[in-house]
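To start, the structure under review is shown below, and the notes come after it.
So this is what it looks like as structure tokens:
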């Protein structure tokens with residue numbers, strides 16, 4: 002499963018008509034001191050990570066097999082030096098040579114022909130250096146050791162004074178492996194003397210959604226010359242057009258180019274609005290800005306795709322009436338998303354980095370996972386603050402697929418103290434992140450990070466980090482909601498297992514909860530048997546086959562993990578690896594269906610449910626992920642897809658295990674998150690034991706309004722006296738089989 | 002009680018050696034259009050209000066008598082024009098003439114010799130205009146009608162698009178009377194050509210509190226001259242010293258003066274720390290900045306007094322452990338104040354403007370009230386967001402008296418929509434407010450305003466107003482805590498009566514509450530009988546004397562107000578006005594004692610209790626105020642003072658009314674908010690019926706640690722079978738009578 006690096010491109014690639022990209026061929030080596038050169042250089046894949054380069058050069062096995070990850074530990078603490086030499090490109094008159102990198106991880110110095118020209122801390126701030134004056138033919142990048150606020154012990158708190166995602170420092174679902182190196186596109190670029198800086202595009206949509214005012218802040222970069230630069234733009238113009246989703250220009254404008262920033266305004270009437278995929282279309286507009294020379298030739302051009310929609314956080318309709326009595330506290334904060342004036346029930350999942358090494362993530366990685374998300378009827382992903390802010394392709398695909406993104410800044414489960422040094426980097430990184438992705442319509446909220454107002458983080462609303470992030474978001478992207486962390490008052494995280502230690506199952510736990518949003522919740526399952534056999538040493542796997550206690554530490558640890566799945570509790574007879582996997586994935590699937598549908602039944606008080614977690618950064622023996630690495634859906638992914646259908650018949654059932662002869666009960670529901678009403682209809686319920694069926698009854702309802710659920714009657718049926726093993730509750734929607742639902746339960750005598 | 006305006010000063014007053022103030026003599030008139038001049042000018046008191054001027058000129062009775070306030074209604078909707086003519090002062094060489102006003106309420110245009118020179122919206126932003134070039138001898142100020150976001154009906158929501166305090170638009174304790182006019186010091190000032198701008202002083206105290214780094218951002222203003230200004234400062238110097246509380250300089254520095262801002266730094270070692278009065282001293286430092294000419298003469302000077310202390314909001318010690326189970330929400334936000342590393346139990350009151358007309362408030366008004374606050378052992382005032390940010394003397398006195406100030410921005414009980422126009426004024430006003438008062442050590446927190454996250458306001462954390470206030474506070478005053486509103490999660494407001502509609506008394510209501518802070522809570526009482534007779538028309542007062550239902554609307558309204566006091570419920574026999582007043586003030590006093598002491602018993606989970614409300618803007622028939630207008634303490638003020646003693650013996654009693662023969666119960670407590678431990682001691686409890694006493698027992702305790710309460714045993718005693726009327730529970734602390742406590746209860750047969 003190791004990735005083969007893309008071969009270094011030998012020839013300049015044209016990325017457009019006006020700028021020429023020159024790829025670089027890199028090698029890398031390490032030293033124990035920044036002053037001494039590496040003794041050995043090996044080929045480096047860029048983008049990539051020094052760890053991947055080294056493992057490749059040494060022919061190591063994958064890091065996710067057994068405890069191979071441990072052999073990477075020393076790589077955190079050395080200095081890595083990247084080197085690229087190249088033939089000095091011939092420049093046309095006035096042409097400039099830039100060194101461009103979209104991301105270098107994490108703290109580094111760039112040398113041109115041996116001279117330091119740029120120092121930076123922060124992987125999210127791109128680099129673009131005009132190196133024309135250096136007459137360069139060599140670039141080196143010295144990457145510092147991984148940042149740590151203390152040298153030991155190894156744990157995530159070492160990340161509490163940096164903007165390096167904390168997950169790499171070790172997490173329950175992530176090995177300790179701290180990526181370092183060039184992680185995003187990096188190249189030389191030939192640019193015209195006068196060229197465009199990336200323009201800032203913003204827009205405001207009016208309350209009737211029939212007019213968008215678009216603003217573009219454009220500026221032209223000119224090489225510094227004595228006596229000023231105005232001469233360099235004489236006769237030049239800025240030409241701006243907005244191209245609609247159908248490819249036709251909806252706006253054109255031309256102004257004289259001048260040094261400094263120009264703010265251009267456009268009005269788009271009756272814009273086609275962007276919607277999440279379950280609510281409407283995803284029309285996208287393109288802003289094209291051109292710098293035009295005196296003769297009419299296009300000197301430089303920049304394109305940016307964007308979508309037009311309004312997003313707000315609005316109050317749950319019942320929230321203002323609480324609390325009712327004195328002494329009276331505040332009402333819960335809003336967490337209902339409203340898109341283009343319509344309240345949306347958000348259902349989806351938490352997104353973590355799909356690879357331990359961000360440099361290994363490609364648009365293909367994103368596409369494979371995001372298409373599964375859409376297929377699972379999920380309309381939102383929470384891009385979790387423990388991980389990186391994804392590369393551009395993630396947001397581009399979410400724009401196209403109609404998946405809303407909840408984006409967190411890289412803070413998670415730590416106390417990030419507001420020191421001067423930390424806040425300086427946080428502000429720089431936050432500004433870079435916001436500028437890079439704020440034009441994406443999929444992006445619906447900024448969040449300061451994960452679980453920071455809980456005990457294990459120990460931060461509060463008073464911490465400077467949140468006050469600063471709120472400030473930066475307000476300045477750069479005021480119209481997008483901002484929250485300091487999740488969960489906030491009313492919202493909740495957890496649980497993460499089908500049944501908790503006290504035996505409380507998801508059926509009771511979520512029935513008794515009354516939160517406004519479940520931004521993390523889920524159940525664990527194992528990965529596939531094939532993956533288990535690959536990543537777990539054979540001798541450890543034997544622990545599962547033996548009925549008795551395993552003897553090795555590794556075997557015991559494995560058994561503890563399996564116990565999280567609850568399979569031993571419900572299916573003590575399951576013994577083969579295949580059966581274990583199947584049972585664990587069944588419990589995860591049924592648990593998730595319960596959670597998703599119960600959260601939906603609590604609408605409109607509740608308006609959001611995101612399971613922990615969609616994916617994983619490498620194969621994990623047992624994890625809450627519903628898609629195993631790299632993109633293998635578990636049973637729960639399909640199950641969640643059924644529970645997230647805009648319309649479905651649903652049952653509220655109090656528990657999983659039933660006694661033979663016991664009276665089974667289920668409450669009928671019709672769940673409707675669609676923007677259309679559901680007409681009157683009939684649903685029948687049937688219990689299935691192998692080939693036998695017990696009819697429970699039929700519910701004839703009068704129809705449900707758009708975006709509104711319907712609660713039906715409770716139905717009962719006596720289970721057969723000889724009921725044993727799994728059985729199904731099937732809801733059949735007359736004439737609409739696509740709204741049918743099936744739930745699995747267990748009949749078992751009390752032991 | 003009407004104030005006599007200070008006579009306009011006829012001669013220039015020297016406010017220092019270097020600047021000369023020239024008072025102005027004003028007149029004012031109104032018109033129905035901004036274009037036409039007033040037909041009549043009357044003398045104007047400055048500072049003051051146009052309403053007070055008009056009432057004085059017309060010989061009106063006080064606005065707080067009966068419904069006299071109604072006759073002021075038209076004054077909101079006209080244009081007021083202030084006029085001052087003066088002899089053109091002779092200027093020395095280079096000297097400048099400034100027009101200075103610390104506050105004009107609310108929207109206005111300033112004309113110099115008939116020409117408009119300055120337009121402004123906002124009463125908190127001072128004005129300083131160099132009018133030298135105008136060769137002026139007349140100043141006019143056109144004050145616009147009161148701002149309203151809609152013309153009718155008259156209510157507080159009309160203030161929801163302005164920074165005008167909403168209370169003036171009508172409140173349960175405030176008549177509809179919207180002040181307009183010049184409300185703070187306003188004069189002409191002769192300044193040297195080069196003069197100092199008000200410097201910005203900030204400091205940071207280290208974690209061991211033994212070193213303060215003070216920064217002063219100083220800049221010199223110079224009249225604009227062709228060819229630059231550098232020449233004007235040649236040979237000049239800035240001389241800075243910091244004078245300690247004992248009058249001796251602890252730091253001196255001199256730097257060459259230059260145009261633009263200079264940042265000077267000082268280190269104060271072992272600074273004497275400022276404390277609230279119940280925790281330590283109030284040492285104050287003075288920063289003296291001088292602009293010195295080439296010959297050594299002092300050209301201009303500025304002084305600023307400040308105190309050195311650190312303030313933080315820290316978590317309640319038990320808060321991290323909650324919530325305990327999944328799904329798990331956030332922990333409550335911190336609301337425990339820590340001064341210089343020490344947790345402080347904050348007890349005090351809510352401060353509202355001590356006069357309907359801010360222009361009528363003087364340092365004397367502030368001193369009279371604030372000395373009562375200190376005497377009542379209160380260490381904090383919440384300067385409520387419905388009202389104005391007080392004039393400087395309020396903060397100066399709080400610095401001196403050791404009273405912490407919780408300052409709110411002027412937002413209260415409205416939905417302040419974040420329109421461009423509103424946010425512009427809000428930002429300007431917030432910046433002015435912060436710059437004016439941030440050097441005061443008494444100021445311990447910024448709060449966005451009152452009850453904005455509750456139903457009656459309808460705002461949320463997402464509203465731009467709060468995001469902007471966070472931004473401005475972070476930029477200008479980062480080290481002082483900021484909260485968007487009160488109450489927040491965990492905190493609470495209310496109740497406001499001795500017993501609620503369902504009969505729940507403060508004894509049960511607050512015993513059952515478990516809030517982290519009670520930032521508003523209280524009980525109503527009537528004003529004194531003398532005030533009642535003065536402000537209530539005689540025929541209405543009769544309604545109280547007649548046992549039967551009053552016949553007039555006014556009489557009915559009066560009776561409803563009296564019913565809030567609960568006197569008719571507990572003392573149906575009270576009939577004389579004097580007895581009614583006494584009983585109502587008794588219930589308020591006993592209710593407040595219960596609330597204060599119960600909140601203290603809930604320490605450390607609870608760390609703050611502020612009664613609603615300390616004072617009032619004019620005499621009110623029935624109000625929660627514990628000091629009647631202008632400065633008449635009610636019984637509750639003395640009672641609160643007893644309950645706020647740093648150390649006291651206290652009793653938790655379940656109710657107010659007892660049956661004859663019933664078993665009376667009380668739980669012993671020793672409350673200690675002092676920074677010192679209380680040694681072992683003995684407390685006895687006695688019930689007193691007239692001359693009779695029933696001993697309830699004695700509690701011998703082992704002592705209480707500093708800032709820590711002690712919970713003692715519950716004691717019981719059978720009440721006499723003939724018990725009737727009021728009786729007392731007296732706690733006697735052996736050898737420390739200043740820690741004794743007395744509570745009053747009622748014995749009464751069930752009717």
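Protein chains in written order, with the numbering used here: chain U, 2 to 752; chain Y, 2 to 752. Note that beta-carbon positions come from the ideal geometry of N, C-alpha and C, so glycine has one too. From a predicted model like this one, the values you see are computed outputs, not experimental measurements.
Is there a Cβ of chain Y sitting closer than 9 Å to that of residue 413 of chain U, yes or no?
Here the question's residue 413 of chain U lines up with position 412 in the first chain. So, not an interface residue.
Could you have a look at residue 235 of chain Y and say whether DSSP puts it in helix, strand or coil?
Here residue 235 of chain Y is taken as the residue at index 234 of the second chain, counted from 1. Three-state DSSP puts residue 235 of chain Y in coil, outside helix and strand.
Is there a Cβ of chain Y sitting closer than 9 Å to that of residue 750 of chain U, yes or no?
As a first step, residue 750 of chain U must be located in the first chain, where it is residue number 749. Chain Y contact via Cβ: absent.
Would you mind reading off the limits of the alpha helix (DSSP H) that contains residue 145 of chain U?
Here residue 145 of chain U is taken as the residue at index 144 of the first chain, counted from 1. From DSSP, residue 145 of chain U is part of no alpha helix (DSSP H); its letter is neither H nor E.
What do you get for residue 218 of chain U, buried or exposed, if any count of 16 or more other CB atoms within 10 angstroms of its CB means buried?
Here residue 218 of chain U refers to the residue found at position 217 when the first chain is read from its first residue. Exposed, since its Cβ has fewer than 16 Cβ neighbours within 10 Å.
Under the DSSP definition of a beta bridge, which residues are partnered with residue 349 of chain U?
Along the first chain, read from residue 1 onward, the residue named residue 349 of chain U stands at position 348. DSSP output for residue 349 of chain U lists U/381, U/611 as bridge partner(s).
For chain Y, find out if any of its Cβ atoms is closer than 9 Å to the Cβ of residue 308 of chain U; answer yes or no.
Position 307 of the first chain, counting from 1, holds the residue named residue 308 of chain U. Residue 308 of chain U does not count as touching chain Y.
Take the Cβ of residue 141 of chain Y as the centre, count every other Cβ of all protein chains shown within 10 Å, and call the residue buried at 16 or more, exposed below.
Along the second chain, one-based indexing puts residue 141 of chain Y at 140. Buried.
Going by the beta-carbon positions, is the gap between residue 1 of chain U and residue 682 of chain U smaller than 9 Å?
Past the edges of chain U, shown from 2 to 752, lies residue 1 of chain U, and the structure says nothing about it.
For residue 329 of chain Y, write down the residues that DSSP places opposite it in a beta bridge.
Against the second chain, residue 329 of chain Y aligns to sequence position 328. Answer is U/494.
At a Cβ cut of 7 Å, what residues of the stretch 369-383 of chain Y count as close to chain U, listed as they run along the chain?
Under the 7 Å Cβ criterion, the stretch 369-383 of chain Y contributes no residue.
Alpha carbon to alpha carbon, how far is residue 317 of chain U from residue 461 of chain Y? Give it in angstroms, no decimals.
Walking along the second chain from the start, residue 461 of chain Y turns up at place 460. Walking along the first chain from the start, residue 317 of chain U turns up at place 316. Between residue 461 of chain Y and residue 317 of chain U, the C-alpha separation is close to 12 Å.
Assuming the contact rule is C-beta atoms closer than 8 Å, residue 669 of chain Y and residue 718 of chain Y should be a hit. Round their C-beta distance to whole Å, please.
For this step, residue 669 of chain Y is matched to residue 668 along the second chain. For this step, residue 718 of chain Y is matched to residue 717 along the second chain. Not quite, the Cβ-Cβ distance comes to about 13 Å (not below 8 Å), so this is no contact.
Taking the straight line between their C-alpha atoms, what separation do you get for residue 622 of chain Y and residue 147 of chain Y?
Translated into the one-based positions of the second chain, residue 622 of chain Y becomes position 621. Translated into the one-based positions of the second chain, residue 147 of chain Y becomes position 146. Each residue's Cα considered, the two are about 27 Å apart.
Report the neighbours of residue 456 of chain Y on chain U: residues whose CB is nearer than 8 Å to its CB, in chain order.
Residue numbering aside, residue 456 of chain Y sits at position 455 when the second chain is read from its first letter. At a beta-carbon threshold of 8 Å, the residues of chain U lying near residue 456 of chain Y are 321, 322, 332, ordered along the chain.
Applying the criterion that 16 or more other CB atoms from any shown protein chain within 10 Å of the CB defines a buried residue, is residue 15 of chain Y buried or exposed?
In the second chain, counting from the first residue as 1, residue 15 of chain Y sits at position 14. With a pLDDT of only 34 at residue 15 of chain Y, under the threshold of 50, the placement of this residue in the model should not be trusted; the figure read from the coordinates follows. Classification of residue 15 of chain Y: exposed, given that the 10 Å Cβ count is below 16.
In terms of DSSP beta bridges, what is residue 694 of chain Y paired with?
Position 693 of the second chain, counted from the first residue, corresponds to residue 694 of chain Y. Note: residue 694 of chain Y sits in a beta bridge opposite Y/689.
Identify whether residue 47 of chain Y lies in helix, strand or coil by the three-state DSSP scheme.
Locating residue 47 of chain Y in the second chain gives position 46, counting from the first residue. Under the three-state reduction of DSSP, residue 47 of chain Y is assigned to coil, being neither helix nor strand.
In its own chain, which residues sit with a C-beta less than 7 Å from the C-beta of residue 748 of chain U, not counting the 5 before and 5 after it?
For the purposes of this step, residue 748 of chain U is taken as residue 747 along the first chain, with counting starting at 1. Result list for residue 748 of chain U: 659, 661, 720, 724, 725, 726, 728, in chain order.
Could you say which of Y/706, Y/110, Y/178, Y/152 lies nearest to residue 359 of chain Y if we only look at CA atoms?
Start at 1 with the first residue of the second chain, and residue 359 of chain Y comes out as number 358. It is Y/178.
Within 9 Å (strictly less), CB to CB, does residue 463 of chain U reach chain Y?
Along the first chain, read from residue 1 onward, the residue named residue 463 of chain U stands at position 462. Yes, contact with chain Y.
Pull up the distance between the alpha-carbon of residue 518 of chain Y and that of residue 479 of chain Y, whole angstroms please.
As a working mapping, residue 518 of chain Y is identified with position 517 in the second chain. As a working mapping, residue 479 of chain Y is identified with position 478 in the second chain. Going by the C-alpha atoms only, they are around 23 Å apart.
Less than 9 Å between the beta carbons of residue 429 of chain U and residue 345 of chain U, yes or no?
The sequence position of residue 429 of chain U within the first chain is 428, counting from 1. The sequence position of residue 345 of chain U within the first chain is 344, counting from 1. Contact flag unset, no.
Rounded to whole angstroms, what is the Cα-Cα separation between residue 696 of chain Y and residue 595 of chain Y?
Mapped onto the second chain, residue 696 of chain Y falls at position 695. Mapped onto the second chain, residue 595 of chain Y falls at position 594. Looking at the two C-alpha atoms, the distance is approximately 22 Å.
Is residue 744 of chain Y buried or exposed, if buried means 16 or more other CB atoms sit within 10 Å of its CB?
Walking along the second chain from the start, residue 744 of chain Y turns up at place 743. With 16 or more other Cβ atoms within 10 Å, it is buried.
Residue 740 of chain Y to residue 732 of chain Y, Cα distance in whole Å?
Taking the first residue of the second chain as 1, we reach residue 740 of chain Y at position 739. Taking the first residue of the second chain as 1, we reach residue 732 of chain Y at position 731. Each residue's Cα considered, the two are about 9 Å apart.
Chain U partners of residue 501 of chain Y, CB-CB under 9 Å?
Here the question's residue 501 of chain Y lines up with position 500 in the second chain. The answer, in chain order, is 326, 327.
Around the Cβ of residue 304 of chain U, are there at least 16 other Cβ atoms within 10 angstroms (buried) or fewer (exposed)?
Residue 304 of chain U sits at position 303 when you count from the first residue of the first chain. Flag for residue 304 of chain U reads exposed.
Comparing the C-beta of residue 510 of chain Y with each C-beta of chain U, is any distance below 9 Å?
The count along the second chain starts at 1 and reaches residue 510 of chain Y at position 509. So yes, residue 510 of chain Y belongs to the interface.
Can you find a CB in chain U that lies within less than 9 Å of the CB of residue 483 of chain Y?
Residue mapping note: residue 483 of chain Y aligns to position 482 of the second chain, counting from 1. Chain U contact via Cβ: present.
Could you check if residue 173 of chain U is buried or exposed, using at least 16 other CB atoms within 10 Å of its CB as the buried criterion?
Walking along the first chain from the start, residue 173 of chain U turns up at place 172. Per the 10 Å Cβ criterion, exposed.
Taking beta-carbon pairs under 8 Å, can you tell me which members of the stretch 335-366 of chain Y lie near chain U?
335
Let me check one thing: in DSSP terms, what residues is residue 682 of chain U bridge-paired to?
Translated into positions along the first chain, residue 682 of chain U becomes position 681. The partner list for residue 682 of chain U (beta bridge, DSSP) reads U/702.
Do three or more CB pairs link the stretch 43-50 of chain U to the stretch 20-29 of chain U at distances below 8 Å?
yes
Can you say whether residue 151 of chain Y is buried or exposed, counting buried as having 16 or more other CB atoms within 10 angstroms of its CB?
Working through the second chain from its first residue, we reach residue 151 of chain Y at position 150. Result: exposed.
Mind checking whether residue 499 of chain Y and residue 598 of chain Y have CB atoms under 9 Å apart?
Here residue 499 of chain Y is taken as the residue at index 498 of the second chain, counted from 1. Here residue 598 of chain Y is taken as the residue at index 597 of the second chain, counted from 1. Cβ atoms of residue 499 of chain Y and residue 598 of chain Y: not closer than 9 Å.
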